[in-house]
Amino acid sequence: MNTYSRQPVSFERGAGVWLWDTQGNKYLDAFSGVSVCNLGHAHPAVAEAVCKQAAKLVHTSNHFGIPLQDELGTQLMRLSGMDKVFFGNSGAEANEAAIKIARLYGHRKGVAVPTIVVTEGSFHGRTLATLTATGNRKIQAGFEPLVQGFVRVPYDDLEALRIVARNSPNIVAVLVEPIQGEGGVNIPADDYLSGARALCDEHGWLMMLDEIQTGMGRTGEWFAWQHSGAAPDVMTLAKALGNGVPIGACLARGQAAEVLQPGSHGSTFGGNPLACAAALAVLKTMEQENLVAHAAAMGEYLLNGLARALGDCKHVTAIRGQGLMIGIELNRPCYALVHQARERGLLINVTAERVIRLLPPLILTEAEADMIVDHLAVLVRDFADAA
């Protein structure tokens, strides 16, 4: 179906931060397949784990015990402090599980129409429930009637949450991204998550964090909430968890972890041996290579380089980021830069019309970061001068 506006290039192989197209041209990937390939392309540890597991056992279904799923769940709980995990195949499925947890949680509290607070500019997926939660009208248009049970507030606005608390007795949960990715790499104030945590505690709401893009070391912590210490009741993961092998996870703790029971949710493929073997290889590699700390250091290095190269450009209104999740905001729409960068061997993304979004693999070196800066400095200045 005609669901994608594809760029005129196809890739046949990759290694580390590099991709080669079918014509043999080489590209520096500063997008990582939308923050999926944190270990880069064709990482040998993931390839070995997938090959070995594929030769042994790919799938049995969740009708039976899956030891690798148990092992992966244990590792994720160790890293996050959460109590239980549900595995699906994608971020949208992980968020669907979170939404179902919130609704069941609300009904058990006696709330007839449980309602979840979501934020403007957010992105939570493209299923009907998750696109309703998403704060982007373009994502929702044409798919009405949308799912009921959501109320929307501005992002990074604690006063808006306080107003909702005073006026909306049906609220049972808040679903928010620690940093908005698709919305333009929007980083909230330092007290935003802790303030939301306090409001959730005060009113008995679940705090649900969508870490699908920010999780797995992307921001320089295993999970972005760890910068603030505001631990969620529910957290969703996907993208980099399998480094390209599809897997999503919804983690919960406390009361939220006890909501789902046999029969209330499920997945045919979720957490099968192949996906779990890949994810376990990802976790092991990240810890062995200290990639979370490396992402923090390389993010600072890249941000500083971009500030030196573009800080004086009058068309650049902001350069922001945390770890290796970086946005360069221009004063005009700049989608054309995606194509211009690709033609020069650099893969980037533009989101929210005017924000260059950089999500390079966490294995990025200083030399590769310098290449990104050098390419973008020329591209952005040429783009600005041509306007």
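Under this note's numbering, the residue at position 6 of the sequence shown is numbered -3, and the numbers go up by one with no gaps. Glycine included, C-beta positions come from ideal geometry on N, C-alpha and C.
Each of Gly15, Ile92, Ala243 and Gln139 was checked against the Cα of Thr65, and the nearest Cα belongs to Ala243.
Nearest C-alpha to Ile363 among Arg333, His306, Glu135 and Val102: Arg333. Secondary structure in the stretch 151 to 236: the beta strand (DSSP E) runs of 3 residues or longer, each lying completely within the stretch, are 162 to 167, 197 to 201 and 225 to 228 in chain order.
Rounded to the nearest angstrom, the gap between the Cα atoms of Val346 and Pro253 is 43 Å.
A Cβ-Cβ distance of about 6 Å is found for the pair Val102 and Val163, placing them in contact under the 8 Å criterion. Going by DSSP, Gly239 is part of the beta strand (DSSP E) stretching over Gly239 to Ala243. CA-CA distance, Leu197 to Val283, rounds to 27 Å. Non-local beta-carbon contacts of Gly312 in its own chain, meaning distances under 8 Å to residues more than five positions away in sequence, involve Val176, Ile178, Gly290, Leu293, Leu294, Gly318 and Leu349 in chain order.
Only exposed fits Phe55, as fewer than 16 other CB atoms lie within 10 angstroms of its CB. Within the stretch 290 to 358, the beta strand (DSSP E) runs of at least 3 residues that lie entirely inside it are, in chain order, 307 to 313, 316 to 321, 340 to 342 and 346 to 349.
Along the stretch 91 to 162, the alpha helix (DSSP H) occurs as fully enclosed runs of 4 or more residues at 119 to 124, 128 to 131 and 149 to 158, listed in sequence order. In this structure, Gln204 is the residue among Gln204, Gly220, Ala358 and Trp216 with its C-alpha nearest to the C-alpha of Asn234. Membership of Gly7 in any alpha helix (DSSP H) is not indicated, and neither H nor E is assigned to it by DSSP. One thing to note: Pro237 has its Cβ no nearer than 7 Å to the Cβ of Ser23. Ala327 and Leu367 have their C-alpha atoms roughly 13 Å apart. The way I'd put it, the stretch 96 to 116 doesn't touch the stretch 266 to 275; fewer than three beta-carbon pairs between them come closer than 8 Å. Per the C-alpha coordinates, the member of Glu168, Arg(-3), His218 and Ala360 positioned closest to Ala298 is Ala360.
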